[in-house]
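Numbering (my numbering), first residue to last: 2 to 339.
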């Protein structure tokens, strides 16, 4: 289904209604009965993130239960450009709108014609042309900048909204988060939006839920934290509806990203991790960049999803290693049958 832009700027935006952060903090401090990998995860994340600036959230994508969160205010209330993590949305949009086929190939020429050297590709030189899946796994800016020409502003804005960006994403209790998606009609503005830069702002919680939708193949569960009696509160509040072959390609590309692409620092031995890094130019910050990693595991039957955001750094060098440490700690704790 093709949509055409009818305005000078397509915008999806709602003001966030801030809930009580204190409620979330209190819930996180209440012990659940018994000792498990989940109970060991919060102290580990707190220790790991000492000295960093940003936010971390870990959840079970199949239920929405929060397993750990560091800096809840940053996770739920603050918005940032998502960088290359947004290429997941562009990939889904291109496939669902029928503007690219999974087998189509294109060579990377390193510097996107529409954006110039500021957005040059940082992945190793490829052996041959990229498909959509391999371009996503290696985060090829050249490929996705070229792909943006085939999509209208309205189509991009629509698929951002499908994945929950630019609209409220319910959190714990009365918490709601909101970002902003503004996509102009110029080729440069569309290219920047496809790369998750400038005109796209998201919260870490929103990004976690978007990737959780791929993990679950559609259902998105409201985030919640169990209380002292282990109360279960799973509830689906949105479904991302894609063709099965689209979900399959996205999952395979995210697996490849960790196994042999730019996310290898997040790998866990013996576990299929699906993930993506992002490096986003700080709005008004010159050459400064934010760092992202978001992913889930095991990719075939997910039980944990994690998003790491750092206020300064790059995704592959800074955020992915932290995401990998969190995932490895979680699965090691399970193996120890704590």
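For glycine and all other residues, C-beta sits at the position ideal for the given N, C-alpha and C.
Just to confirm my understanding: we take residue i, look at its own chain, exclude 5 residues before and 5 after, and list those with CB closer than 7 Å. What are they?
i: residue 190; result: 184, 200
i: residue 329; result: 269
i: residue 202; result: 80, 81, 82, 180, 181
i: residue 124; result: 139, 140, 141, 263
Based on the DSSP secondary-structure assignment, which residues constitute the bridge partners of residue i?
i: residue 311; result: 55, 292
i: residue 131; result: 107
i: residue 155; result: Looking at the DSSP assignment, residue 155 forms no beta bridge with any residue, so it has no partner.
i: residue 202; result: 181
i: residue 160; result: None, per the DSSP bridge assignment.
i: residue 94; result: Paired residue(s): none; residue 94 is not in a bridge.
i: residue 60; result: 67, 306
For the putative contact between residue i and residue j, defined by C-beta atoms under 8 Å, what is the C-beta separation to the nearest angstrom?
i: residue 165; j: residue 198; result: Wrong, their Cβ atoms sit about 19 Å apart, outside the cutoff.
i: residue 341; j: residue 324; result: An answer regarding residue 341 cannot be provided, because it is not within the stretch 2 to 339 covered by the chain.
i: residue 103; j: residue 134; result: 7 Å
i: residue 254; j: residue 138; result: 5 Å
i: residue 215; j: residue 157; result: About 18 Å; that fails the 8 Å criterion.
What's the call for residue i, buried or exposed, on a 16-neighbour Cβ count within 10 Å?
i: residue 204; result: buried
i: residue 278; result: buried
i: residue 119; result: exposed
i: residue 287; result: exposed
i: residue 237; result: exposed
i: residue 331; result: buried
i: residue 321; result: buried
i: residue 259; result: buried
i: residue 88; result: buried
i: residue 62; result: buried
Only counting the same chain, and skipping five residues up and downstream in sequence, which positions put a Cβ closer than 6 Å to that of residue i?
i: residue 310; result: 55, 56, 205, 293
i: residue 423; result: This structure leaves residue 423 out entirely; the chain is present only between 2 and 339.
i: residue 307; result: 59, 324, 327
i: residue 192; result: 115, 116, 146, 149
i: residue 27; result: Model confidence at residue 27 stands at a pLDDT of 37, short of 50, so the residue's coordinates are unreliable and nothing is read from them.
i: residue 240; result: 219, 220
Excluding the 5 residues flanking residue i on each side, which residues of the same chain have their C-beta closer than 8 Å to its C-beta?
i: residue 35; result: Its pLDDT being 40, under 50, residue 35 is placed unreliably in this model, and the value from its coordinates should be taken loosely. Same-chain partners within the cutoff: there are none.
i: residue 110; result: 143
i: residue 301; result: 273
**Request:** Output the residue ranges of the alpha helix (DSSP H) runs that lie fully inside the segment 207–293 and measure 4 residues or longer, sorted by chain position.
**Result:** 245–260
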